[in-house]
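Q:
Residue numbers (my numbering), protein chains in the order written: chain A, 406 to 647; chain B, 354 to 686; chain C, 164 to 572; chain D, 9 to 294.
(1) Establish whether the CB of residue 514 of chain B and some CB of chain A are separated by less than 7 Å.
(2) Taking the C-alpha atoms as reference points, what is the distance between residue 411 of chain A and residue 471 of chain A?
(3) Note down, in chain order, every chain D residue with its Cβ under 8 Å from the Cβ of residue 538 of chain C.
(4) Just confirm the distance between the C-beta atoms of residue 484 of chain C and residue 507 of chain C, as a whole number of angstroms; I'd bet it's less than 8 Å.
(5) For residue 489 of chain A, which three-state DSSP category applies?
(6) Could you name each continuous beta strand (DSSP E) segment of 3 residues or more that falls completely within the region 429-485 of chain A, going from the start of the chain to the end?
(7) Leaving aside the five residues before and after residue 447 of chain A along the sequence, list all residues of the same chain whose C-beta is less than 6 Å from its C-beta, in chain order.
(8) Select from the region 407-439 of chain B all residues with a C-beta closer than 7 Å to any C-beta belonging to chain D, and list them in chain order.
(9) Can a CB atom of chain C be found closer than 7 Å to the CB of residue 495 of chain B?
(10) Nearest-angstrom Cα distance between residue 224 of chain D and residue 516 of chain A?
(11) Going by Cα to Cα distance, which pick from A:555, A:485, A:443 is closest to residue 588 of chain A?
(12) Can you tell me whether residue 420 of chain C is buried or exposed, with buried defined as 16 or more other CB within 10 angstroms of its CB?
(13) Between residue 571 of chain A and chain B, is any beta-carbon pair separated by less than 7 Å?
(14) Name the chain C residues that come within less than 7 Å of residue 208 of chain D, Cβ to Cβ?
(15) What is the DSSP secondary structure of residue 491 of chain C, counted as helix, strand or coil?
(16) For residue 562 of chain C, count neighbouring C-beta atoms within 10 Å of its own C-beta (all shown protein chains included) and say buried if the count is 16 or more, exposed if not.
(17) Taking only runs that begin and end inside the region 186-264 of chain C, name each unbroken beta strand (DSSP E) of 3 or more residues, in chain order.
(18) Closer than 7 Å, CB to CB, is residue 277 of chain D near chain B or not?
(19) With DSSP as the reference, label residue 139 of chain D as helix, strand or coil.
(20) When we look at the beta-carbon of residue 366 of chain B and count the other beta-carbons within 10 Å, is it buried (16 or more) or exposed?
(21) Ordered along the chain, which non-local residues of its own chain (more than five positions away) have a Cβ less than 6 Å from that of residue 618 of chain B?
(22) So is residue 9 of chain D buried or exposed if we call it buried at 16+ other beta carbons inside 10 Å?
(23) Taking only beta-carbon atoms, is residue 383 of chain C less than 7 Å away from chain D?
(24) Under 8 Å by Cβ, that's how I've got residue 477 of chain A and residue 458 of chain A pegged, so tell me the actual separation to the nearest angstrom.
(25) Spatial neighbours of residue 558 of chain B within its chain, please: C-beta separation below 8 Å, excluding the five flanking residues on both sides.
(26) Can you find a C-beta in chain D that's less than 7 Å from the C-beta of residue 648 of chain B?
(27) How about residue 446 of chain B and residue 599 of chain B: are their beta carbons less than 7 Å apart?
(28) Looking at residue 469 of chain B: is its Cβ nearer than 7 Å to the Cβ of residue 582 of chain B?
(29) Which two residues bound the contiguous alpha helix (DSSP H) that contains residue 279 of chain D?
(30) Leaving out five residues before and five after residue 449 of chain A in sequence, what residues of the same chain have Cβ atoms less than 7 Å from its Cβ?
(31) List, in chain order, every chain D residue whose beta-carbon is nearer than 7 Å to that of residue 605 of chain B.
(32) Enumerate in chain order the residues of its own chain whose CB-to-CB distance from residue 328 of chain C is below 8 Å, with the five nearest sequence positions on each side excluded.
(33) Going by DSSP, name the residue or residues bridged to residue 613 of chain A.
(34) Classify residue 430 of chain C as helix, strand or coil using the three-state DSSP reduction.
(35) Can you give me the start and stop residues for the beta strand (DSSP E) that residue 566 of chain A sits inside?
(36) Do residue 467 of chain A and residue 475 of chain A come within 7 Å of each other at the CB atom, strictly closer than that value?
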């Protein structure tokens, strides 16, 4: 039990009658690389908002590294070691690449150590030569890298990645998959993704969400074989020979 | 290098001015510099903190009244000035806790700070009765508090030296440059850069582990303290404080100074104050009924033609003329 | 009062000249700079504009008689924009930069108290030409306006006799209102009347509903109004609107200074009794001539020549007489001349400047608002002394004073 | 007993005047997010229109009818020359309209001079027990509710109202549907100005009309609108009722000084407890 990093029990989030998250029980062990898939409106982004404290749950609890974080404020949860990367990169356009990274590095390692970590991660994400240019001038792909870099410099225990490959070319997606595995060496991950190739590529354990609850959990192959998932997720089709 | 050259020039100019100006112009410039400090306090919280406060006039007034009360009763103007700064910073911290920890929206924060100022205007306006006094310092209602002691240099063991207009000019000028330098340093420090990040995207910064509430509160308290310092100096300059400092006009005037000068440039606040105040003064001496019409017209023109304020506009023009690429945001290690 | 084209251009021209020439005092033989600081804009300009007109008229009148010491007076008229901070700044400019031979101005007591410390710091003669709450005892300051002892001391005994003992006081909530309300208590006790209630109203209150209900409930014999400013005009209007005008009479020591009788209609305020040294309708030779020349200069449709305008006229002429008598512009000489019991044939009647208190002994007139948006004189009280200040302030015996006494019970 | 009735009437009257004066600003702020600090000067110009009309012999009622038209046109001119360039820039409009209010006060002083002959309150008075009330105050209350109804009707039952509400919620979509948002803003700003003109006109026979009349109202109507929140009519009505109630109760209980302080303090508490204003719960609308 001691290697459980994250556990939600009976987690509910209601928006005036609509249950975006419907008594969700979810457990994550240290070092896991969990993918979360499901159609739009399945509650994926609401779950991430609950895990990061942006939304307060209507009911249920969230435990992170044994600590009850249900009622904590976003910055307290971030300090406890949960980092997030948004689907549309949320970075500081007016600040330079290095400054963006510096901000997250300083948060967890203090002003002293921040400079060195920034240089190391800049190399990892391949943005060394763009370090001084304002992020506002970068391409969409580079901005994704900046945000991934910000996650790396913060060095959290649990990383939430919200569709990291959105808007990326295949080559960039493959590079991202390598990087996700690299992050996984040091941190546990939950990746929300629609790109099935990418999910198969990083091949962790998969959870399928539907109407705010867990529909099915298992390896990628088990999920592909699961008829219920196919009907719900891929829509009703004449029962083709699987 | 250019930054240090600019500072050196500024110090030399302030030092040389009294020799060049007439006594009245010195007295006039002293109060303009005091107003610039007040504008600076708004530029810190608004230009850098991204939070528009309509309450700087309240902290200015509190600073002045505290200076008056402590000055009249204790006789020591240094103590009075510290009381002014502390009183104003205290009010700012209290107001900051009440609003930032309540997650109040930006527009509502501006209205709350304005309402607090109007309440002070109402309440201080009703203290005309002699029984409203703190020690010997009568609050004086709309007529205001009179016989406030002039600023004096006090050294332990030596009789306090009341400053004459030229000495007061140097003290105020020195304080303005000092506060300007300190705020520049604060803004460039790691605290200041996180504040800038909060201004640009508060949620993102919160998700990086920074608590925006106490950072905004600390910045607001510092800004309140600077406004309180300006209020204390003003009371020491004019030996007089009255509730008109809390009026809606005064609250808006502080915002006008910073908008005219240009937000987020620190120097903009000083330039904006000097431009608007010398214009108001000139109009006042020009003729009787044209003052408000002319000031109104000028404000409308500035908003339409120089939306980002004079200093950025001038800066932009200089850059366009000199062809230099806009400076990349420096990143001090 | 239309600001006619010629008048406006002349002011602009003169001002540009004044502003551009860095105010070095003109040489011994040239013009004498004199300073006037009044509110031309902002809420207080309903009092200020007639006073500014009177200032210019007085300066021209003195210059027409050869000025003083053979030199013409050069008026520097500044607009304080109803802002007390600007009063302090401009007072400094007039005393320090323009080195004016005399400073006159200030309308509300607040503006006077902003100017007085500056006068104290840069030591020059200062005239405050406006009705006020009395008690200022300052070697450098001469208050030529009427004080509570002269107004209320005469009005209250008359009102108690005329209307009855129960008085309800409504006062503007600032120093003038508070101190004058205290004087109402003093004179009411002397006249054997009783104060039913006393209420202080902020300057920006426009809705008098609750106040009127309380007045109605208290059923006083007479209402004593010490209300001030444009917004308070609403009280008289709403008082009449509820039909109380006929029922409960009003007497006032401030009504008319801001031409309230012009803004309000006769049906609303006819019969309201006031008391001042000056009314445009005064029947004496000096006043008839003065009003004729005033209308000749400012136009016949000029709203009304207020008491403050006459006080400003008195102030300038008293100063001019003192300078001629002293034969110099030097401050102490002029002060000594001003303390020699000067008398002046003012449009209000003959006035004398009391040496000890630096205040003026006025002839005071009771009058009531008439149908022509003007006043009809009821009774005249010659040579009423400013006893409230004279009892406590003797600047001959102990000259270095610069404070304001308030009534003690 | 009749003191209670009279006080209740007084409270209703205070609330009615607050709503009548604040509605124009609510329409402009709620609909276009523009803070018009010259709104109080629109009231003043409305009052002066009534004076000008009655000075030329017409009755006060014609004056009150003409006032919204004159001020509406003034609003149109100002919108076309100044406000149009400042949409979306809320602070710049505050600064520009502040300059505008200074200018309007100066101009009116130049044209009308500081003191202008006023008009008495028409319609006489009636008595409740031993107290007397002016019939005109009943007219003011009826006018306030009439204007509320008119505005509600305009925004909910007319084509212009529908388009205006759509523009408020999504200007881009409206232009995609072929409506020019600028024209809608022009109409809305003019309507807001006309409401202020009407409010000023109705107040003319009640207060002394001086160029600086607006200064007494600007703070109160500004705070009422902000406390009211995004839904214009509902917000302004409830905020006007609550703040008006607090102010008049305390004024009757003690003195007008504490009445005004109580209202301001209560506004702060409301802003703190309801960060989106009273009507923040309902979707943005009318």
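Heads up, the beta-carbon is just placed ideally off N, CA and C, and yes, glycines get one too.
A: Inspection of the coordinates gives the following:
(1) On the second chain, residue 514 of chain B is found 161 positions in, with the first residue counted as 1. False, the Cβ-Cβ gap to chain A never drops below 7 Å.
(2) Within the first chain, the letter at position 6 stands for residue 411 of chain A. Within the first chain, the letter at position 66 stands for residue 471 of chain A. About 8 Å.
(3) Counting from 1 along the third chain, the entry for residue 538 of chain C is found at position 375. Within 8 Å Cβ-Cβ: nothing; residue 538 of chain C doesn't reach chain D, min ~15 Å.
(4) Working through the third chain from its first residue, we reach residue 484 of chain C at position 321. Working through the third chain from its first residue, we reach residue 507 of chain C at position 344. Right, their Cβ atoms sit about 7 Å apart.
(5) For the purposes of this step, residue 489 of chain A is taken as residue 84 along the first chain, with counting starting at 1. Residue 489 of chain A: strand per DSSP, three-state reduction.
(6) 438-442, 464-469
(7) Counted from its first residue, the first chain places residue 447 of chain A at position 42. Hits under 6 Å: 614, 615.
(8) none
(9) Taking the second chain and counting its residues from 1, the one referred to as residue 495 of chain B is at position 142. Chain C contact via Cβ: present.
(10) The residue you call residue 224 of chain D lines up with position 216 of the fourth chain. The residue you call residue 516 of chain A lines up with position 111 of the first chain. Looking at the two C-alpha atoms, the distance is approximately 52 Å.
(11) Stepping through the first chain from its first residue, residue 588 of chain A is reached at position 183. The residue with the shortest Cα to Cα distance from residue 588 of chain A is A:555.
(12) Working through the third chain from its first residue, we reach residue 420 of chain C at position 257. When all chains shown are included, residue 420 of chain C counts as buried.
(13) Taking the first residue of the first chain as position 1, residue 571 of chain A is located at position 166. Chain B, which has no Cβ nearer than 7 Å to the Cβ of residue 571 of chain A, makes this no.
(14) Within the fourth chain, the letter at position 200 stands for residue 208 of chain D. The contacting residues do not exist; residue 208 of chain D stays about 12 Å from chain C at best.
(15) What you label residue 491 of chain C is simply residue 328 of the third chain in a count that begins at 1. Correct three-state label for residue 491 of chain C: coil.
(16) Within the third chain, the letter at position 399 stands for residue 562 of chain C. Classification for residue 562 of chain C: exposed.
(17) 195-201, 236-242
(18) On the fourth chain, residue 277 of chain D is found 269 positions in, with the first residue counted as 1. By this cut-off, residue 277 of chain D is not an interface position.
(19) Sequence index remark: in the fourth chain, residue 139 of chain D carries index 131 (1-based). Here residue 139 of chain D sits in strand by DSSP.
(20) Residue mapping note: residue 366 of chain B aligns to position 13 of the second chain, counting from 1. The residue is exposed, with fewer than 16 neighbouring Cβ atoms inside 10 Å.
(21) Residue 618 of chain B sits at position 265 when you count from the first residue of the second chain. Closer than 6 Å at the Cβ level, and outside the excluded window around residue 618 of chain B, lie 664.
(22) Along the fourth chain, read from residue 1 onward, the residue named residue 9 of chain D stands at position 1. Answer is exposed; the Cβ neighbour count stays below 16.
(23) Translated into positions along the third chain, residue 383 of chain C becomes position 220. Cβ-Cβ to chain D under 7 Å: no for residue 383 of chain C.
(24) Taking the first residue of the first chain as 1, we reach residue 477 of chain A at position 72. Taking the first residue of the first chain as 1, we reach residue 458 of chain A at position 53. Sure, about 6 Å apart at Cβ, within 8 Å.
(25) The residue labelled residue 558 of chain B in the question sits at position 205 within the second chain. Hits under 8 Å: 547, 550, 551, 565.
(26) Taking the second chain and counting its residues from 1, the one referred to as residue 648 of chain B is at position 295. It does; some Cβ of chain D falls within 7 Å.
(27) If you number the second chain from 1, residue 446 of chain B lands on position 93. If you number the second chain from 1, residue 599 of chain B lands on position 246. It is not a contact, given that the beta carbons lie outside the stated cut-off.
(28) Within the second chain, numbered from 1, the residue matching residue 469 of chain B stands at position 116. Within the second chain, numbered from 1, the residue matching residue 582 of chain B stands at position 229. It is not a contact, given that the beta carbons lie outside the stated cut-off.
(29) The residue given as residue 279 of chain D occupies position 271 in the fourth chain. That run of the alpha helix (DSSP H) goes 264-281.
(30) As a working mapping, residue 449 of chain A is identified with position 44 in the first chain. Once the five neighbours on either side are set aside, the close Cβ partners of residue 449 of chain A are 441, 443, 597, 614.
(31) The residue given as residue 605 of chain B occupies position 252 in the second chain. Per Cβ cutoff of 7 Å: 106.
(32) Residue mapping note: residue 328 of chain C aligns to position 165 of the third chain, counting from 1. Hits under 8 Å: 355, 356, 357, 384.
(33) As a position in the first chain, residue 613 of chain A is number 208, starting the count at 1. Bridge partners of residue 613 of chain A: A:442, A:621.
(34) Walking along the third chain from the start, residue 430 of chain C turns up at place 267. Note: residue 430 of chain C maps to helix in three-state DSSP.
(35) Along the first chain, one-based indexing puts residue 566 of chain A at 161. Segment 563-567, the beta strand (DSSP E) holding residue 566 of chain A.
(36) As a first step, residue 475 of chain A is located in the first chain; it is residue number 70 there, counting from the start. As a first step, residue 467 of chain A is located in the first chain; it is residue number 62 there, counting from the start. Cβ distance < 7 Å, so residue 475 of chain A and residue 467 of chain A count as in contact.
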